[in-house]
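Novice: Once you've had a glance at the structure underneath, I'll fire off some questions.
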Amino acid sequence: MKYRYYLPLLLSLMSFLLSCKKDNDLENAVPLPAAVILDTAYGTDPLQKMDIYLPSGRDGHSPTIVLIHGGGWSGGDKNELTSSVKGIQDIFPGYAVVNINYRLAKDGVTNVFPTQENDVKSAIETILRNTGEFHISDDLILIGFSAGGHLALLHGYKNDPGKNVKAIVDFFGPTDLAALSNIGLVQALILFNATGKTYSQHQEIFIQSSPVNFVTKDSPPTIILQGGKDELVPPSQAAILNNKLEEKHVTHQLVLYPEEGHGWTGINLLDSFEKIKNFIRANIK
């Protein structure tokens with residue numbers, strides 16, 4: 073009976089395979105160390121780069137927080153948020169953090185809309201393509217400040233077909249560019265610099281770049297943080313979005329700091345992140 077001759081060989085092979093599996097299990101059981109990867113390119117332009125902060129012990133279930141800086145779409149840099157990364161990691165242990173740059177508009181000619189929208193989209197697509205390499209999940213939380221808040225909202229409502237964005241944190245971001253352009257000369261000039269047009273010259277780019285126009289019942293949970301004395305992006309912009317989110321029955325929260333302007337520090341900033349933490353814990357499973 074031939075199986076008598078093959079049985080020892082079969083048992084040896086099984087023993088070898090089992091030992092390999094044990095080695096792999098031990099290897100997989102070792103927690104991954106924290107890692108920082110600076111200036112990772114997601115495009116060919118020098119500004120199309122992002123800093124990636126990977127937590128220790130991460131696995132395929134670790135979500136990612138994407139930070140988007142402000143600056144009127146024509147200024148600012150990811151380095152302005154670098155000092156905030158450690159605090160965010162402390163608030164959200166086990167989360168990866170990605171801090172992105174994007175191309176900046178200049179004089180209404182160079183890198184006008186939708187350049188910044190497209191760059192955020194490209195950066196996030198790069199993150200999602202590399203979740204396996206980074207050992208993270210494809211669940212994203214977007215946090216943006218001012219123009220970055222606008223870009224976070226626009227991406228989450230308009231450019232997220234895979235529904236990877238699980239929550240948006242909007243710090244005083246513009247929500248309706250047509251309405252913003254009518255508030256005053258400063259806002260009109262900032263928007264002209266970013267679009268190369270006035271609203272009357274090119275209504276479509278203002279419509280397509282306004283997050284409020286893309287809110288649906290399936291939009292991700294959104295928390296809006298707004299200063300009551302903000303003269304650059306006034307509270308009316310937060311109210312416009314808040315009303316639309318209510319109309320579409322989207323989970324949301326509006327946090328108003330009556331005495332704050334366009335940005336704040338100290339106790340109110342600590343309070344902001346406490347509210348963000350509670351909002352995300354309550355709404356992200």
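For the sequence shown, my numbering assigns the number 73 to the initial residue and increments by one for each residue that follows.
Built from N, CA and C at the ideal position, the CB exists for glycine as well.
As the structure is a prediction and not an experimental result, all values here were calculated from the model.
Once you ignore the five residues that flank S209 on each side, which residues in its own chain have a CB closer than 8 angstroms to its CB?
Specialist: Only G132, H133, S134, P135, T136, T203 meet the Cβ criterion.
Novice: Grab me the residues of P292's own chain with a C-beta within less than 7 angstroms of its C-beta, minus the 5 sequence neighbours each way, in chain order.
Specialist: Around P292: G228, V237, K238, A239, I240.
Novice: Is the distance from the Cβ of P103 to the Cβ of G142 below 7 angstroms?
Specialist: No; because the gap between Cβ atoms is not below 7 angstroms, this pair is not in contact.
Novice: Taking contact to mean 3 or more Cβ pairs, one atom from each stretch, closer than 8 angstroms, check whether the region 116-130 and the region 160-179 are in contact.
Specialist: Result yes; three or more Cβ-Cβ pairs closer than 8 angstroms.
Novice: Which residues bound the alpha helix (DSSP H) around A219?
Specialist: 219-230 is the extent of the alpha helix (DSSP H) around A219.
Novice: Can you look up N183 in the DSSP assignment and give me helix, strand or coil?
Specialist: Here N183 sits in coil by DSSP.
Novice: Have a look at the DSSP bridge pairing and note the partners of H324.
Specialist: According to DSSP, H324 bridges with T294.
Novice: Give the secondary structure of V157 by DSSP, where H, G and I count as helix, E and B as strand, and everything else as coil.
Specialist: V157 falls in the helix class under three-state DSSP.
Novice: Leaving aside the five residues before and after P233 along the sequence, list all residues of the same chain whose C-beta is less than 8 angstroms from its C-beta, in chain order.
Specialist: Correct list: empty, nothing qualifies.
Novice: Is L317 closer than 7 angstroms to T247 when the C-beta atoms are compared?
Specialist: Against a cut-off of 7 angstroms, the Cβ pair of L317 and T247 comes out as no contact.
Novice: Who does A113 pair with in a DSSP beta bridge?
Specialist: Looking at the DSSP assignment, A113 forms a beta bridge with K121.
Novice: Taking C-beta to C-beta, are L326 and I296 nearer than 7 angstroms?
Specialist: The answer is yes: Cβ separation under 7 angstroms.
Novice: For H321, count the other beta carbons within 10 Å of its own beta carbon; 16 or more makes it buried, fewer makes it exposed. Which is it?
Specialist: Exposed, because fewer than 16 other Cβ atoms sit within 10 Å of the Cβ of H321.
Novice: Where do the N-terminal and C-terminal ends of the beta strand (DSSP E) with I208 fall, by residue?
Specialist: Note, I208: premise wrong, no beta strand (DSSP E); not H, not E.
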